[in-house]
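Sequential numbering of the sequence shown, starting at 1, is according to the numbering used here.
In this text, a Cβ means the ideal position worked out from N, Cα and C, and glycines have one as well.
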Amino acid sequence: MSISMADFDDPSFDVKAWVNAACAGCPDDESVEKFLAEVEMKLQLAAEDISLALEEQSNAGLNRIPRAVAEIDRVEHDTKALQTRVQGILKRLNDAEGSSRESVRRLTRVDAVKGRMEAARDTLREAAGLAELMASVEDVFAAGNVRSMADVLASMRRALKVVGGVPEFQDAPEKVDALERRLEQILKPELVKALTASDAIKAEEIRDVLKITGRLNALTATYAETRVVAPMLREWNAFHADGVEDESRATPPSAADVRRFVEWLPGYARKLHDRLQRELQWTRTAFPKEHGALVSSAWIALSRRVNKA
């Protein structure tokens, strides 16, 4: 594929449209990754040529300024007999100023072209990288290293922000989302095990992986269910299971039931208080940045479940 400077000279230049056209020009017998890499290299070389030309023209313009200033200084010390010559010099300087303005406009235009080419090159680079990741992600999952899985998925998300509008990758967001859910399911048993065993180091490692993939909500839900809701709800349900023979009967509680509940409730409240203190202390160690939100979310979840029980 040849690189035309005219494509990048248009102020309304669309990077994604240009990349789409580049992808469409890929020969049938050549891989997309190789083709995009070749186009990226051509863009890189063209951008370097423009940078060199800009530098040369800028230096030439700067070199002309001191010479003009020196000439004016010499003329200022001449006699009136040189007035005509001075006027001629001033005229030439005015002409040079106009020429310089035009040169600056041309340089600005060339610089804009260079910027568009670099944007297209970067988009091509992301597209080539995303194509490679899409082809290798299953091998990464097969290897079983959850940190590598998370890093690959995060790289794919970043690339999608750049090339999301390219038709070659129109199904990529759904695939990445499915892979993130898959990683979450892989991590959940280990997270439950770490939370149950109060293993702060392992729990924090899993939290870091979930953060990389943007799935910290899974930590919030799993923490609440494992360390707060499940154990405290068991005690609540155990009391009601012992005290109610048939919950399907729509009869008001007896005086004995009420008295029994009143006697049981302070002990349950103390257990809630103790649990809250333990969780505040433990989460400060395991999840120092999220501990407040985790504990408050867990207690809200417990309240909702108790109300439904």
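Asked, Found
"Relative to the C-alpha of residue 191, which candidate in 134, 7, 226 and 280 has its C-alpha closest?", "226"
"Which term fits residue 50, buried or exposed, when burial requires 16 or more other beta carbons within 10 angstroms of its beta carbon?", "buried"
"Quick check on residue 267: buried or exposed, where buried means 16 or more other Cβ atoms within 10 Å of its Cβ?", "exposed"
"Runs of 4 residues minimum, wholly inside the segment 188-270: which ones carry the alpha helix (DSSP H) assignment?", "200-212, 216-223 and 230-243"
"Tell me which residue opens and which closes the alpha helix (DSSP H) that residue 23 is part of.", "15-24"
"For the pair the segment 296-305 and the segment 218-238, tell me if three or more CB-CB distances fall below 8 Å.", "yes"
"Tell me whether residue 144 sits in a helix, a strand or coil according to DSSP, three-state version.", "coil"
"Closest to residue 11 by CA distance: which of 23, 17, 109 and 33 is it?", "109"
"At the level of alpha carbons, what is the spacing between residue 142 and residue 186?", "12 Å"
"How long is the line joining the alpha carbons of residue 158 and residue 177, rounded to whole angstroms?", "13 Å"
"Comparing C-alpha positions only, which one of 223, 132, 220 and 294 sits nearest to residue 168?", "132"
"Where residue 163 and residue 237 are concerned, what is the direct C-alpha to C-alpha distance, given to the nearest angstrom?", "52 Å"
"DSSP three-state call for residue 281: helix, strand or coil?", "helix"
"If we count Cβ pairs, one from each stretch, closer than 8 Å, do we get three or more for the segment 187-207 versus the segment 255-271?", "no"
"Quick one, are the C-beta atoms of residue 153 and residue 213 less than 7 Å apart?", "yes"
"Drop a sphere of 10 angstroms on the beta-carbon of residue 197, count the other beta-carbons inside from all chains shown, and report buried for 16 or more, exposed for fewer.", "exposed"
"Taking C-alpha atoms, which residue in 223, 231 and 39 lies nearest to residue 188?", "223"
"Between the C-alpha atoms of residue 247 and residue 240, what's the straight-line distance to the nearest angstrom?", "Because the pLDDT of residue 247 is 48, which lies under 50, any placement of that residue in the model is unreliable, and the number read from its coordinates should be weighed accordingly. Residue 247 and residue 240: Cα-Cα distance of roughly 9 Å."
"Does residue 129 pass the burial test, meaning 16 or more other C-beta atoms within 10 Å, or should it be called exposed?", "buried"
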